[in-house]
Each structure stands twice: as structure tokens, then as C-alpha cells.
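Undergrad:
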Amino acid sequence: GDSVTQMEGPVTLSEEAFLTINCTYTATGYPSLFWYVQYPGEGLQLLLKATKADDKGSNKGFEATYRKETTSFHLEKGSVQVSDSAVYFCALTGGQGAQKLVFGQGTRLTINP
Amino acid sequence: ETGVTQSPTHLIKTRGQQVTLRCSSQSGHNTVSWYQQALGQGPQFIFQYYREEENGRGNFPPRFSGLQFPNYSSELNVNALELDDSALYLCASSLVAGGQNEQFFGPGTRLTVL
């Protein structure tokens, strides 16, 4: 079945550092890819998405490019802030039927001032 | 526009009991999905409801059941609770069942089974 694998955390960086969180996937067909963020005590928020190969999703300085050849969707940000501290989830949905999200295990990010 | 709301926020039950969790979808959304998020894990899809019918189910036993009402709000019922059912239960609503429509998540209900 479909699956998502994320780099294991936790990840700790200093403010203004460059961030990469790796995500690879296995899926049949042509999935859509997502990054969700979960702040402490809150539900999931969609951060960005890409629906086809070579699409780049971007939001709040975060970017991720849908790479079909490497089945990857790595999350990047050029300069992180303390407010970016959260848990980040990579996810996919298949193209048919119920829009079931398949999530990775999450990566906890902590940014120190 | 009101977002997705869930109740209760926290719940403590004992093994063997039954529990009902509630979700109000975002205004205008007719599809509700439920997910279980164990501590330190990503959410796992339980099932989806579209226009009051189950529209897909994940790998969860029949003691997990649901309902969707005419106003598109939804309930998740879990019978014969087990310790492993302790988790954060997330509800998400979307405009339609298929396609690439964004799912909007509620804050979740944290269930503890003792």
C-alpha cells in the first residue's frame, strides 16, 4: 500500500539556520503530496501541497518540490525562526476514491534563539 | 466562517467502556474524515463520511463506527475500549469526498483509556 517515510527527529537548529526535512513516498498512480504542521496543543494545518510532478509548493518561506524520479518531497526553508518550532508531517493522497491522507511519522523541529 | 470543532477536548475512560466523539465540520463542507494519532506517530485514517454514508475505511476493527448527520456533523464511536485506543482523535472536513480538496483539521480529542 501507499506509504510515507520522513527523516527521524527530533531536529534542533539555531534561528536563521537552513532547514531540510526529508520525505520519500511509495504510491501507486499519481499521488498528491502535502506538508502539514502541528503546533503544540493544536490540530494539523496544511503548510503546502503539490499535485503533480515538478510542482513546487510554497508557503510562509517553506518550499517543497514534487520529484517523481526520486519519489521525494523534501521540505526546505532558508532561514528558520523560533515560531517555526512544531511537528511537521509529510503526507499523500491517492488519485481515486476517498481522499484518505497517508502520513509519515512526523519530525519534531525545535528552533533555539 | 467557523472552522472544524471537536468535543470533548479530553476524555478518560476505562478498558471495556464505550465512547462517542463529536465533530462539527467547517461551514459548507459535506465530507468528514476521522484519524487516530498515537503518541509520537502520524495520524492513521479511520474512515470517511460523505453525505451520511461511509465512503472509505482504513485498517480499523468494526468496533470503530461512525455517523454523519444531515448537517454534516459527525460522530466517532468506539466500543469495548482497549488500552491501545489511547490517542488523539482528529476530525477533518473537506468540500467534496474525492479529488484534491484540502482537508481542514479540528484540534482533536485526546482519549486516555485506563
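Here the protein sequences line up with chains A and B, keeping their order. At position 64 of the first sequence the residue is numbered 64 (my numbering), and the sequence of numbers has no breaks. At position 27 of the second sequence the residue is numbered 1027 (my numbering), and the sequence of numbers has no breaks. We put the CB at the ideal spot given by N, CA and C, even for glycine. Computed from a predicted model, the values in this text were never measured in an experiment.
Do you know whose CA, among B/Ser1073, B/Thr1112, B/Val1019 and B/Leu1111, lies nearest arginine 1063 of chain B's CA?
TA: It is B/Val1019 whose Cα lies nearest to the Cα of arginine 1063 of chain B.
Undergrad: Among A/Glu69, A/Thr51, A/Glu76 and A/Phe34, which has the Cα closest to the Cα of phenylalanine 89 of chain A?
TA: The candidate whose alpha carbon is nearest that of phenylalanine 89 of chain A is A/Phe34.
Undergrad: With DSSP as the reference, identify every bridge partner of isoleucine 111 of chain A, one or two as the case may be.
TA: Answer is A/Leu13.
Undergrad: Taking Cβ to Cβ, would you say leucine 109 of chain A is nearer than 8 Å to leucine 1090 of chain B?
TA: Not in contact: leucine 109 of chain A and leucine 1090 of chain B (Cβ atoms no closer than 8 Å).
Undergrad: Can you tell me whether threonine 1031 of chain B is buried or exposed? The criterion is at least 16 other CB atoms within 10 Å of its CB, across all chains shown.
TA: The residue is buried, with at least 16 neighbouring Cβ atoms inside 10 Å.
Undergrad: For alanine 1092 of chain B, count neighbouring C-beta atoms within 10 Å of its own C-beta (all shown protein chains included) and say buried if the count is 16 or more, exposed if not.
TA: Label assigned to alanine 1092 of chain B: buried.
Undergrad: Within the region 6-81 of chain A, note down every full beta strand (DSSP E) run reaching 3 residues or more, in order along the chain.
TA: Segments of the beta strand (DSSP E) lying fully in the region 6-81 of chain A: 11-14, 19-21, 23-26, 32-38, 44-50, 56-59, 62-65 and 75-77.
Undergrad: Mind listing the chain A neighbours of phenylalanine 1045 of chain B? Cutoff is C-beta to C-beta under 8 Å, in chain order.
TA: Per Cβ cutoff of 8 Å: Lys100, Leu101 and Val102.
Undergrad: Nearest chain B C-beta to glycine 29 of chain A closer than 8 Å, yes or no?
TA: Closer than 8 Å: no.
Undergrad: Assess, as a yes-or-no matter, whether the region 51-63 of chain A is touched by the region 98-107 of chain A under the definition of 3 or more beta carbon pairs within less than 8 Å.
TA: The region 98-107 of chain A, when compared against the region 51-63 of chain A, does not touch it at the 8 Å Cβ threshold.
Undergrad: In terms of residues, what are the limits of the beta strand (DSSP E) holding arginine 1110 of chain B?
TA: It spans 1109-1113 - the beta strand (DSSP E) in which arginine 1110 of chain B sits, taken as one unbroken run.
Undergrad: If you compare alpha carbons, which of B/Tyr1035, B/Glu1075 and B/Leu1076 is closest to glycine 1058 of chain B?
TA: Among B/Tyr1035, B/Glu1075 and B/Leu1076, the Cα nearest to that of glycine 1058 of chain B belongs to B/Tyr1035.
Undergrad: Looking at the structure shown, is leucine 101 of chain A part of a helix, part of a strand, or coil, going by DSSP?
TA: Coil.
Undergrad: Mind pulling the chain B residues with CB within less than 8 Å of glutamine 81 of chain A?
TA: What glutamine 81 of chain A touches in chain B: nothing, since even the nearest Cβ is about 23 Å away.
Undergrad: Using a Cβ cut-off of 9 Å, pull out every chain B residue sitting near glutamate 8 of chain A, in sequence order please.
TA: Simply none; closest approach about 11 Å.
Undergrad: Does chain B have any CB closer than 8 Å to the CB of leucine 46 of chain A?
TA: Yes, leucine 46 of chain A lies at the interface with chain B (some Cβ there is under 8 Å from its Cβ).
Undergrad: According to DSSP, simplified to helix, strand and coil, what is leucine 1083 of chain B?
TA: Residue state, collapsed to three classes: helix.
Undergrad: What do you get for proline 1043 of chain B, buried or exposed, if any count of 16 or more other CB atoms within 10 angstroms of its CB means buried?
TA: By the neighbour-count rule (16 or more Cβ atoms within 10 Å), proline 1043 of chain B is buried.
Undergrad: Assign leucine 1114 of chain B to one of two classes, buried (16 or more other C-beta atoms within 10 Å of its C-beta) or exposed (fewer than that).
TA: It is exposed - the Cβ of leucine 1114 of chain B has fewer than 16 other Cβ atoms within 10 Å.
Undergrad: Looking at C-alpha atoms only, which residue of B/Glu1052, B/Leu1111 and B/Ser1025 is the closest neighbour of leucine 1088 of chain B?
TA: Checked all of B/Glu1052, B/Leu1111 and B/Ser1025; the closest Cα to leucine 1088 of chain B is B/Leu1111.
Undergrad: In three-state DSSP terms, what is serine 1025 of chain B?
TA: Coil.
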